[in-house]
Amino acid sequence: MPSTMQFGQYGVTDLLGSAIALSSTQGPTWAQLAAEMRVPSSQCAKVKSREVDRSGLPSSATFRHKLGDSGIRLRILIWLNIAGGWYTFVTMMMIKDLSLAAVCAVAIIHASSSAIAQDATEIQVTYSNGQFQPSELRAPADRPVVFRVKNLDPAAMEFESESLRVEKVVAGKTDGVINVRALKPGRYEFHDDFNDKARGALTVQ
Amino acid sequence: MLAALIIVFREVFEAGLIVGIVLAVTGEVPNRNRWIGGGALAGGLAACLVAAFAGALSELFEGMGQELFNAAILLVAVLMLTWHNVWMARHGREIAGELRAVGQAVADGSKPLLALAVVVGVAVLREGSEVALFLYGVATSDGGSGMSFLAGGLMGLVLGGAVCLMTYQGLMRIPPRALFASTTMLITLLAAGMAAQAVAFLERANWLTSLDRVMWNSSRLLPDRSLAGRTLHTLVGYTDQPTEMQLVVYIAVIVATFVLMRLTAPSQGGRPGHAVRAA
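Protein chains in written order, with this note's numbering: chain A, 24 to 228; chain B, 6 to 284.
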């Protein structure tokens, strides 16, 4: 859907104002929207910020506001926009319905998100009895990596790696998500900062 | 026990440095102990709260709650430090001069104290929540080794306090006039370093993705994890693998601080010596 992508890139700056205008209205949140689009919400978050950054905006913070309108209408709008692209947007701006335009923009970013989100490699790691399972991981080069660390122990652990530039506390019996940028081939070691015996490595090829 | 000591000390170390600097900066400002102590206490309590709800905090913002929370409190600290510097550029010289005891200066002096108390609170909160999580995990694990770990952890805490005291004593050896200039620089770099850290957290949360190329890798020369690396990390924001955005923000904070200080400094005073002499 090249036309949609274009829309996302060029329309976002114009839509900033309308997104802010929407901040007071009630409606589905990002997470709910994501569920509706059947895209894991963590992927949405990542792609969303990337989209926004490409358009030169400081962060995606502005887009985290709640959206107006309810489910069915929203879905119709999403598809309408994927079909209509720029044309729909311009029309909406012309009739000055800012809230609708903002919903469309968000819909488009979401629509294009699933395509880009596939870039990231997702890696599941379990932490139990003070050990990583598995401790040797693999990932392809030049693609972002998302670690999902499942801490089965009652105590907290800290997933840390100097070479990956990450450091994250994962409380006992919870999951932690750790984002890593695209990596060059090599071996990247990680460990539990609260327990030196727990070690592992990610081999990037 | 030694492992626990090292882990806790590593976390407490940075907070100790920051508290030591703030104590030195506030020098003999009246009531400062109450403010700084209050900040540290509030930070400690908040750290326990954060530790207790660490799981829930993590789940916010699609699993990025921790990163965003850290970035947010760091940015608050950056704002407070910058504001303190700007405030001191305007009023500080009167206080640094002989007017310290005058009632007005005392009343004014509590304003930057609040800012610095917040900074101390943030430092203690950030490092403390990890210590609390770690010690809690240790305490709930098997009895005997748990107790020795806990003892090690407490010793780590005491050592962290010693770092704070040493920093303070070291800075207090600097003559007062030179101290004012050097603490301004120190606080500016502290703020810039914290801003760069906040950028790192936003990058990890994928909220900041532009300019994310790593500029250089000096981890062989001076790794972040070494004692010297950690000290420089806290004091001047040293990182062995900074991204472009981190560097940009770092420089921007320094420039912004100096521009703001220049803009708000009293025009008649001009240079440090003048105002004091006039007083």
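Glycine is no exception: its CB is placed at the ideal position from the N, C-alpha and C atoms.
Going by beta-carbon coordinates alone, are B/SER70 and A/ALA178 separated by less than 7 Å?
The sequence shown places Gly at residue 70 of chain B, not Ser. Taking 7 Å as the cut-off, the Cβ atoms of B/GLY70 and A/ALA178 do not count as close.
Closer than 6 Å by C-beta to B/GLY234: which residues in its own chain qualify, once you throw out the five before and the five after it? Chain order, please.
Only LEU227 and PRO228 meet the Cβ criterion.
Beta-carbon separation (whole angstroms), B/GLY157 vs B/MET6, contact threshold 8 Å:
So it is a contact: roughly 4 Å between Cβ atoms.
Under a CB-based cut-off of 7 Å, is A/LEU80 close to chain B?
With a pLDDT of 41 at A/LEU80, under the threshold of 50, the modelled position of that residue is not reliable, and no figure is offered here.
Quickly, what does DSSP pair A/ASP176 with across the bridge? List them, please.
None, per the DSSP bridge assignment.
According to DSSP, residues forming a beta bridge with B/HIS89
Under the DSSP definition of a beta bridge, B/HIS89 lacks any partner.
For A/HIS214, list the residues DSSP reports as bridge partners.
Beta-bridge pairing by DSSP links A/HIS214 to A/GLU183 and A/ARG222.
Would the stretch 161–175 of chain B count as touching the stretch 209–224 of chain B if we require 3 or more Cβ pairs under 8 Å?
Cβ pair count under 8 Å is below three, so no.
Could you tell me which residues DSSP pairs with A/ASP198 in its beta bridges?
Beta-bridge pairing links A/ASP198 to A/LYS173.
Is it true that the CB of B/VAL254 sits closer than 7 Å to the CB of B/ALA196?
Their beta carbons are not under 7 Å apart, which means B/ALA196 does not touch B/VAL254 by this criterion.
Can you give the Cα-Cα distance for A/GLY223 and A/ARG210, rounded to whole angstroms?
C-alpha separation (whole angstroms): 10 Å.
Please report the residue range of the beta strand (DSSP E) in which A/LEU160 lies.
In this chain, the beta strand (DSSP E) harbouring A/LEU160 covers 159–162.
Closest to B/GLU135 by CA distance: which of A/LEU175, A/GLN154, A/PHE182 and A/VAL172 is it?
Closest by alpha carbon: A/PHE182.
Tell me the rounded alpha-carbon separation between B/MET152 and B/LEU265.
So the two alpha carbons sit approximately 51 Å from each other.
Could you say if the stretch 55–71 of chain B and the stretch 189–199 of chain A meet the contact criterion of at least three C-beta pairs nearer than 8 Å?
The stretch 55–71 of chain B, when compared against the stretch 189–199 of chain A, does touch it at the 8 Å Cβ threshold.
Given a threshold of 16 other Cβ atoms within 10 Å of its Cβ, counted over all protein chains shown, does B/ASN38 qualify as buried or as exposed?
Classification for B/ASN38: exposed.
With three or more C-beta pairs closer than 8 Å as the rule, is the stretch 117–134 of chain B touching the stretch 78–88 of chain B?
Enough Cβ pairs lie closer than 8 Å, so yes.
Going along chain B, which residues have a C-beta under 7 Å from A/PRO177?
Correct list: THR145.
Under a CB-based cut-off of 7 Å, is A/ALA194 close to chain D?
Absent from the structure is chain D; the protein chains it does hold are A and B.
Below 8 Å on the Cβ atoms is my contact criterion, and I expect B/VAL123 with B/GLY44 to pass it. Report the Cβ-Cβ distance as a whole number of Å.
With a Cβ gap of about 6 Å, B/VAL123 and B/GLY44 count as contacting.
Using three-state DSSP, classify A/ALA150 as helix, strand or coil.
Note that residue 150 of chain A is Tyr in the sequence shown, not Ala. Three-state result, A/TYR150: strand.
Alpha-carbon spacing of B/VAL129 relative to B/ILE12, whole angstroms:
Taking the Cα positions, B/VAL129 is about 16 Å away from B/ILE12.
Rounded to whole angstroms, what's the CA-CA distance from B/THR262 to B/HIS96? Just pull it up for me.
Approximately 16 Å between the Cα atoms of the pair.
Below 7 Å between beta carbons: does that hold for B/GLY25 and B/THR172?
Yes.
Taking 7 Å as the cut-off, decide whether the C-beta atoms of A/LEU225 and A/LEU160 are in contact.
One thing to note: A/LEU225 has its Cβ within 7 Å of the Cβ of A/LEU160.
Measure the beta-carbon distance from B/LEU79 to B/ALA203 and round it to whole angstroms, keeping in mind my assumption that it falls under 8 Å.
Rounded, the Cβ-Cβ distance is 4 Å, consistent with contact.
For A/VAL168, decide whether its Cβ has a neighbour in chain B, counting only Cβ atoms nearer than 7 Å.
Taking Cβ atoms only, chain B never reaches closer than 7 Å to A/VAL168, which makes this a no.
Quick one: which chain B residues come within Cβ less than 7 Å of A/THR197?
Neighbours of A/THR197 in chain B, taken as residues at a C-beta separation under 7 Å, are given in chain order as GLY60 and SER63.
Going by DSSP, what residue range makes up the beta strand (DSSP E) through A/MET192?
One point to set straight first is that residue 192 of chain A is Val, not Met, in the sequence displayed. From DSSP, the beta strand (DSSP E) with A/VAL192 extends over 189–193.
Residue-level contact to chain A via CB, B/GLN202, 7 Å cutoff:
Answer no: the Cβ-Cβ gap between B/GLN202 and chain A never drops below 7 Å.
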